[in-house]
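Below: the structure, in structure tokens.
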Amino acid sequence: MKTSQMIARYKWYEIVGIYAGIAIFLAFVLAPFIEGFLVSLKPLGLLFSSPYRFWPENGSFRAYVTMWQSVPGFGWYIFNSFFISSVVTVIVLVLVVPAAYAFARFDFRGSGPLLGAFLAVNMFSGAVLLIPLFRLMRSFGVLNTYFAMIVPGVAFLIPSAIWLLRTYMMRIPRELDEAAFVDGASYFYTLRRVILPIAMPGITVVAITTFIGAYAQQFIFALTFNSKTEYMPLPVGLFAYFGRQEVVWNELMAASFVGITPAMILIFLMQRYLVAGLTAGAVKQ
Amino acid sequence: MTVQRSAVVFAWILLLPAVLYVAVIVAYPLVDTIILSFTDASLKKVTNWVGWANYRKIFSPTFAEVITRTFVWTFFSVLFKMIIGVFGATMLNAAVPGRALFRVLTMPPWIVPMAIGIFMWGWMYNGQFGMISGVLQNMGAVDGPVAFLAYGSTAFWATIITDVWIGVPMVTLYMLAAMQAIPQDLYEAAWTDGAGRFYRFRRITLPLILPALITMSMLSLIATFNSFDIIWILTRGGPNGDTTTMIIDTYKTAIGSKKYGEGAARAVLICIFLSLFCLAYFRITSRLTSGDRK
């Protein structure tokens with residue numbers, strides 16, 4: 000133990016170097032957020048004046064008030080984003096929990112290739128399959144409804160969710176299932192009463208990562224399969240304003256910040272689960 | 000031990016909903032893309048079988064340019080993601096106070112809605128008022144305003160940088176996990192032998208994270224090749240098509256001009272490239288795991 004403590008002791012210039020490195024790295028990662036936030040505080044006049052000034056002189060939160068008038072559907076966009084992500088998450092869980100259990104516990108013939116087939120879905124983005132998906136949504140008659148965004152969204156989140164939950168379930172000792180079988184429990188009863196309660200933390204991680212994935216990736220399906228303003232999720236709703244000639248930048252940034260706040264809060268509350276969940280594949284491959 | 004029949008049946012019942020779902024929403028569209036690519040499907044009611052015509056149309060000098068551009072774009076994006084990701088992971092792996100917080104601060108680009116992060120970059124690239132042009136002018140590095148998204152060459156790199164920014168958190172956290180999985184006693188043994196910090200990094204850390212680095216590059220390659228939102232929001236493939244990658248080109252053909260058949264042929268070509276990457280990925284990872292596992 001002692002050696003490791005001595006290794007971890009840095010000389011003063013090493014500490015300076017490390018913090019400088021972290022500062023440069025985080026500056027790149029966070030620059031758009033810092034700049035975006037400062038822009039949201041600046042009055043439009045200052046924004047469009049040169050030379051460029053970084054700090055908002057006489058900045059205010061006015062844009063956070065006025066944006067509700069200039070972006071009429073804003074409240075709806077946020078609601079839609081949450082609604083779509085929540086429904087997607089529920090459907091993914093309903094499909095993935097049983098499937099992950101099957102992959103974790105039953106070594107039936109063809110289970111390996113089938114798992115591989117699921118993972119191969121990850122290599123296609125929705126953009127590649129857009130044309131047939133458009134036709135499919137049209138024949139389902141769900142274009143311009145929430146389902147046009149929910150149905151394809153689910154499919155592309157299933158593979159990672161199965162992989163993550165399967166890894167988690169494989170760590171649950173098999174003796175537990177076997178004890179239940181010996182007592183005469185059915186497969187279904189065992190899954191519901193023995194496995195599900197123990198797997199709850201893993202299911203929670205999958206639910207969070209799925210929700211965040213669904214929240215972060217709302218763009219292309221919403222852009223292409225829905226043209227009704229009242230169903231638009233936040234990114235597409237704001238994109239309509241972004242495309243305009245006269246972009247009211249401070250309000251757009253203010254709206255963006257309100258829109259990303261929920262995701263940010265989730266990150267800080269759930270960060271331990273997130274890091275564990277997202278990097279699960281890395282350590283134990 | 001033979002697996003009981005009832006167990007196999009039960010496993011399939013559990014799998015059936017997910018299998019059906021993916022079959023309808025992913026596998027069927029994939030087949031449909033291939034079929035469509037041999038037709039002249041459009042908004043017209045009648046669709047005719049046109050054989051290889053769509054594919055013949057693809058092989059033009061302009062399209063060769065699109066393919067080259069896509070590969071150059073993808074290559075540099077993945078390269079920068081890896082360099083910055085490994086750099087970030089190395090820094091965050093150092094045992095200094097505050098590193099838990101720094102790790103959390105790495106995540107936002109990945110977790111916030113992608114489009115919103117891209118809006119912010121759109122502002123930063125703004126020529127007259129944006130941060131980058133403004134700071135460069137204040138430093139005296141450039142004479143007048145630079146509208147990064149208005150010129151082909153700068154727009155090309157600007158979209159790459161935004162793509163790198165979105166991809167870096169995942170690479171960083173993945174590489175960090177790989178670094179933390181390295182047994183500590185290796186470092187201790189090297190330290191006892193008097194190896195310096197840089198030497199230990201080069202001789203222990205780098206070789207041991209190499210498999211994870213290769214895995215991540217391949218995954219990142221597939222994701223980057225599919226990148227759509229960034230270019231579409233920032234430039235819509237412009238100016239003059241200078242940021243039109245294969246995905247953007249397919250979207251423009253299929254959704255923009257409503258030429259579904261032609262668009263499908265282009266999508267099939269993307270799928271072929273992606274399958275090749277995927278094949279390479281499986282080859283490489285299976286060699287990595289079978290080669291030097293105890």
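Read top to bottom, the protein sequences are chains A and B.
What the first sequence shows, in numbering that gives the first Met the number 0, is residues 0 to 284, in sequence order.
What the second sequence shows, in numbering that gives the first Met the number 0, is residues 0 to 293, in sequence order.
Each residue gets a CB set at the ideal place from its N, CA and C atoms; glycine is no exception.
Just so we're clear, the structure is a prediction, and the values are computed from it rather than from any experiment.
Query: Unbroken alpha helix (DSSP H) run spanning residue 77 of chain B, endpoints; Result: 60–92
Query: Nearest-angstrom Cα separation, counted from residue 157 of chain B out to residue 147 of chain B; Result: 7 Å
Query: Reduced DSSP secondary structure (H/G/I, E/B, other) of residue 244 of chain B; Result: coil
Query: Between the CA atoms of residue 143 of chain A and residue 249 of chain A - distance to the nearest angstrom; Result: 30 Å
Query: CB contact check: residue 121 of chain B to chain A, cutoff 8 Å; Result: yes
Query: Under the three-state DSSP convention, the category residue 144 of chain A falls into; Result: coil
Query: Chain B contact for residue 70 of chain A (CB, 8 Å cutoff); Result: no
Query: Three-state class that DSSP yields for residue 54 of chain A in the structure shown; Result: coil
Query: Proximal residues of chain B, C-beta to C-beta of residue 186 of chain A below 8 Å; Result: 5, 6, 9
Query: Residue 223 of chain A: contacting residues in chain B (beta-carbon distance under 8 Å); Result: 254
Query: Chain-ordered neighbours of residue 118 of chain B on chain A, where CB pairs are closer than 7 Å; Result: 237, 241, 251, 255
Query: Inter-residue Cα distance where the pair is residue 181 of chain A and residue 11 of chain B; Result: 22 Å
Query: Nearest-angstrom Cβ-Cβ length linking residue 220 of chain B and residue 276 of chain B, presumed shorter than 8 Å; Result: 6 Å
Query: Contacts of residue 124 of chain A in chain B (Cβ-Cβ under 7 Å); Result: 225, 227
Query: As assigned by DSSP and simplified to three states, the class of residue 38 of chain B; Result: strand
Query: Beta-carbon proximity list for residue 106 of chain B, same chain, < 7 Å, skipping 5 on both sides; Result: 168
Query: Cβ neighbour criterion (16 or more within 10 Å) applied to residue 234 of chain A; Result: buried
Query: Test item: CB-CB of residue 216 of chain B and residue 81 of chain B under 8 Å; Result: yes
Query: C-beta neighbour in chain A for residue 138 of chain B, strict 8 Å; Result: no
Query: Run of the alpha helix (DSSP H) containing residue 131 of chain A, from where it starts to where it stops; Result: 129–139
Query: The stretch 82–98 of chain B in contact with the stretch 123–138 of chain B per 3-pair CB rule at 8 Å; Result: no
Query: Interface partners of residue 32 of chain B on chain A, CB under 7 Å; Result: 128, 130, 131
Query: Pair within 8 Å by beta-carbon distance, residue 111 of chain B and residue 215 of chain A; Result: yes
Query: Simplified DSSP assignment, three categories, for residue 282 of chain A; Result: Interpretation of residue 282 of chain A is limited by its pLDDT of 38, a score under 50 that renders its predicted location unreliable; no figure is taken from the coordinates.
Query: Unbroken alpha helix (DSSP H) run spanning residue 16 of chain A, endpoints; Result: 11–40
Query: With 16 other Cβ atoms within 10 Å as the buried cut-off, status of residue 136 of chain A; Result: buried
Query: Neighbour flag for residue 263 of chain A against chain E, beta carbons, 8 Å; Result: Going by chain labels, chain E is absent from the structure shown, which instead holds the protein chains A and B.
Query: Proximal residues to residue 210 of chain A (C-beta, below 6 Å), its chain only, five neighbours per side dropped; Result: 84, 88
Query: Chain-ordered neighbours of residue 17 of chain B on chain A, where CB pairs are closer than 8 Å; Result: 94, 95, 97, 98, 117, 157, 161
Query: Straight-line Cα distance separating residue 154 of chain A from residue 15 of chain A; Result: 47 Å
Query: For residue 218 of chain A, the first and last residue of its enclosing alpha helix (DSSP H); Result: Careful: residue 218 of chain A lies outside any alpha helix (DSSP H) and carries neither H nor E.
Query: Chain A within 8 Å of residue 275 of chain B, Cβ atoms only; Result: no
Query: For residue 121 of chain B and residue 294 of chain B, the rounded distance between their alpha carbons; Result: Here chain B comprises residues numbered 0 to 293, so residue 294 of chain B is not present and cannot be evaluated.
Query: Alpha carbon of residue 290 of chain A to alpha carbon of residue 30 of chain B, nearest angstrom; Result: The structure shown does not extend to residue 290 of chain A, since chain A is modelled only from 0 to 284, so the question has no answer here.
Query: For residue 199 of chain A, the nearest candidate out of A:184, A:69, A:96, A:225 (CA to CA); Result: A:96
Query: Residue 48 of chain B in three-state terms, based on DSSP; Result: strand
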